[in-house]
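Visitor: In our numbering, the protein residues as written are 25 to 256. Built from N, CA and C at the ideal position, the CB exists for glycine as well.
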C-alpha cells in the first residue's frame, strides 16, 4: 500500500507522518502541493504545521493549492484521506468536512498529551480501535476550537460522525468536546491531535509502563492499511 503525504509551504509534520506510515507497514510517498499528480497512491495524509504561515485563515490558502483539486476529487471517489491539525483545517476549508476550526477559547497555543475517547470505529482510519476506547495522543494548536452551527452539530452527532472526543479536559473550547470528525462516507477524517507523534516507543506520550512509550497513534495508520488490503 502506498500512502501519500502532501507537503505545503510551512508544513512541519510531513516527515513525521511519513515515518508513521512506514512503521505501520506501508510505503510513504512524498507529494508536493504545487503538483497535479497523486502518483498512484492508495490514501492521503494532509499533515500538521502552519501552511502559508496561517495567513488569512489556517488552511484557507492551502485548500486552494493545485494538488487539492486532485485531493478533493480522490476523496469524493472514496480514497481515504486523513487531515491532521492544519490538515484538518484544510479539509474544512475545502468543504470535505463540515464545521470549522477557530482560535482556542483561552487565546493561547497549547501543547500537551491529550486523552481522547474513540467514538466511531467505522471510518477507514479508526477500524483498529474499540468503541469507547480511551487513548492518549499529543495535541498542539492555537486554532483548534471546533465550531459548527447547531444544525450541523446535531447532524454530526446523529450520524455518528464524531470520530474522537476530548476526555478529562477540553483544551481549546471545541463544541461538544469534538477532537475529530469524518465525512458521511467515513473515508475522510480530520483530527486536531497528532497521531504521528505517538507511533514509536521512546518518543510518544508517557504511559503507566514507561516514559514516552505511548503508541496509540499508530493504530490510525495501521487501520487504513488493513482497510485498503481488505477492499483491494
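Would you mind stating whether residue 137 and residue 210 have Cβ atoms separated by less than 8 Å?
Guide: no
Visitor: According to DSSP, simplified to helix, strand and coil, what is residue 182?
Guide: helix
Visitor: Is residue 200 near residue 129, with beta carbons less than 8 Å apart?
Guide: no
Visitor: Can we say the stretch 61-68 touches the stretch 91-104, given the rule of at least three CB pairs closer than 8 Å?
Guide: These segments touch.
Visitor: Under three-state DSSP, which class holds residue 64?
Guide: Coil, per DSSP.
Visitor: Run the CB neighbour count on residue 119, radius 10 Å, all protein chains shown included, and call it buried at 16 or more, exposed below.
Guide: exposed
Visitor: Check whether the Cβ atoms of residue 186 and residue 161 sit closer than 8 Å, and answer yes or no.
Guide: Cβ distance not < 8 Å, so residue 186 and residue 161 don't count as in contact.
Visitor: Ordered along the chain, which non-local residues of its own chain (more than five positions away) have a Cβ less than 8 Å from that of residue 153?
Guide: 142, 145, 159, 243, 247
Visitor: For residue 162, write down the residues that DSSP places opposite it in a beta bridge.
Guide: 137.
Visitor: Buried or exposed: residue 80, going by 16 or more other Cβ atoms within 10 Å of its Cβ?
Guide: exposed
Visitor: Ignoring anything shorter than 3 residues, give me the beta strand (DSSP E) runs that lie fully in the stretch 65-99, in order along the chain.
Guide: 67-70, all fully within the stretch 65-99.
Visitor: So, using beta-carbon positions, are residue 213 and residue 47 closer together than 8 Å?
Guide: no
Visitor: Going straight from the alpha carbon of residue 107 to that of residue 113, what length do you get?
Guide: 8 Å
Visitor: For residue 258, list the residues DSSP reports as bridge partners.
Guide: Because the chain spans 25 through 256 in this model, residue 258 falls outside it and cannot be assessed.
Visitor: Pull the bridge partners of residue 199 from the DSSP assignment, please.
Guide: BP columns for residue 199 are empty, so no partner.
Visitor: Threshold first: 4 residues or longer. Then list the alpha helix (DSSP H) segments lying entirely within the stretch 206-256, N to C.
Guide: You should have 242-255.
Visitor: Apart from the five residues on each side of it in sequence, which residues of its chain come closer than 7 Å, Cβ to Cβ, to residue 225?
Guide: 237, 239
Visitor: When the cut-off is 8 Å and only beta carbons count, does residue 40 lie next to chain C?
Guide: Checking the listed chains, one finds no chain C in this structure; it contains a single protein chain.
Visitor: Is any heavy atom in the ligand ZN found nearer than 7 Å to the beta carbon of residue 256?
Guide: In the structure on display, the ligand ZN does not appear, and there are no ligands present to speak of.
Visitor: For residue 111, does the three-state DSSP call read helix, strand or coil?
Guide: helix
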